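Everything below concerns the one structure shown next.
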Ligand code: CTP
Ligand code: CA
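Below, the structure written as structure tokens:
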């Protein structure tokens with residue numbers, strides 16, 4: 222029932238979006254990270270803001286300009302990101318996890334620069350698992366809250382994404398093939414399959430990340446929020 226034709230589709234909704242790739246320090250000069258640029262998360266933030274939502278964008282190490290009228294909270298590591306997401310999720314209507322979170326971090330962080338010497342031709346790093354932010358958030362999720370994740374896959378896109386939507390208790394997963402040049406990580410374009418909890422699938426064509434973001438926001442307002 223759209224009585225007010227002038228109102229925007231996400232008016233009054235508070236949306237938390239994560240973007241970029243976490244950095245896991247090894248010593249004062251080095252870290253482990255991934256190829257995420259943050260472009261997809263920023264595009265979603267812009268689309269959500271244009272749709273009238275109150276947007277908080279949690280950024281993990283991006284160099285992109287701050288979108289207009291969006292609150293930006295910068296973080297560094299997966300554990301920083303977990304803390305900030307948990308705090309912001311409490312009174313949010315929607316969480317969209319577009320960030321590429323490091324699954325592991327160095328077991329110890331040296332406070333001095335790690336030196337090579339005449340003897341060590343090889344080196345082994347000990348890594349420990351990072352918390353799974355979506356899984357942690359699922360344990361506190363209220364029925365009215367909507368949680369959307371991404372699945373970055375190089376193979377078996379749909380099978381892997383289906384496993385993740387179940388394991389992480391998501392309302393929607395954006396399955397993203399990251400094996401092809403020109404779409405996905407760092408690219409300006411993307412092609413994704415929106416996968417719903419009931420098994421429905423909707424595949425986009427190859428298009429700009431801004432267009433993909435607009436489709437996600439449309440699905441969010443018309444299929445997920447309207448259902449609540
Ligand atoms: N994610 C998260 N916390 C992590 C790792 C991932 O919240 N520690 C989120 C990502 O932001 C994304 C979704 O989980 O929305 C899926 O991330 P992905 O890396 O594709 O899957 P993983 O569950 O980490 O599994 P794997 O990397 O082994 O495929
Ligand atoms: Ca992962």
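Residue numbers (UniProt numbering): 222 to 449.
Positions of the beta carbon are idealized from the N, C-alpha and C atoms, including for glycine.
Since the model is a prediction, treat every value here as computed from it, not as a measurement.
- Note on geometry: alpha-carbon atoms of residue 263 and residue 339 lie some 46 Å from one another.
- For residue 359, the Cβ stays outside the 7 Å cut-off from all heavy atoms of ligand 1.
- Residue range 413–417 is occupied by the beta strand (DSSP E) that includes residue 414.
- Within the same chain, 270, 276 come within 8 Å of residue 290 by CB-CB distance, once the 5 residues on both sides are set aside.
- For residue 315, DSSP records a beta bridge to 236, 367.
- Straight-line spacing of the CA atoms in residue 323 and residue 230 works out to 33 Å.
- Contact between residue 319 and residue 440 does not hold, since the beta-carbon distance rounds to 15 Å and is not under 8 Å.
- Residue 301 has its Cβ no nearer than 7 Å to any heavy atom of ligand 2.
- Residue 251: member of the beta strand (DSSP E) spanning 251–253, first to last residue.
- Only residues of its own chain outside the window of five on either side were considered, and among them 325, 326, 328 have a CB closer than 7 Å to the CB of residue 349, listed in chain order.
- Between the stretch 355–370 and the stretch 385–399, the count of Cβ pairs shorter than 8 Å is three or higher; the stretches touch.
- Per DSSP, reduced to three states, the secondary structure at residue 433 is helical.
- Under the criterion of beta carbons closer than 8 Å, residue 288 and residue 267 qualify as touching, at roughly 5 Å.
- Residue 255 sits away from residue 300, with the two beta carbons spaced by 8 Å or more.
- Checking the 7 Å criterion, the Cβ of residue 332 is out of range of every heavy atom belonging to ligand 2.
- A contact is defined here as three or more CB-CB pairs under 8 Å, and the stretch 296–313 meets this definition with respect to the stretch 237–252.
- The continuous beta strand (DSSP E) containing residue 280 extends over residues 275–281.
- DSSP links residue 241 through a beta bridge to 281.
- When rounded, the separation of the alpha-carbon atoms in residue 437 and residue 265 is 8 Å.
- With a beta-carbon spacing of about 15 Å, residue 396 and residue 434 fall beyond the 8 Å limit used to define contacts.
- In the three-state DSSP reduction, residue 248 falls in the strand class (E or B).
- Relative to ligand 2, residue 409 has its C-beta separated by 7 Å or more from all heavy atoms.
- Taking the Cα positions, residue 382 is about 22 Å away from residue 364.
- By the Cβ neighbour-count rule, residue 411 is buried, with 16 or more other Cβ atoms within 10 Å of its own.
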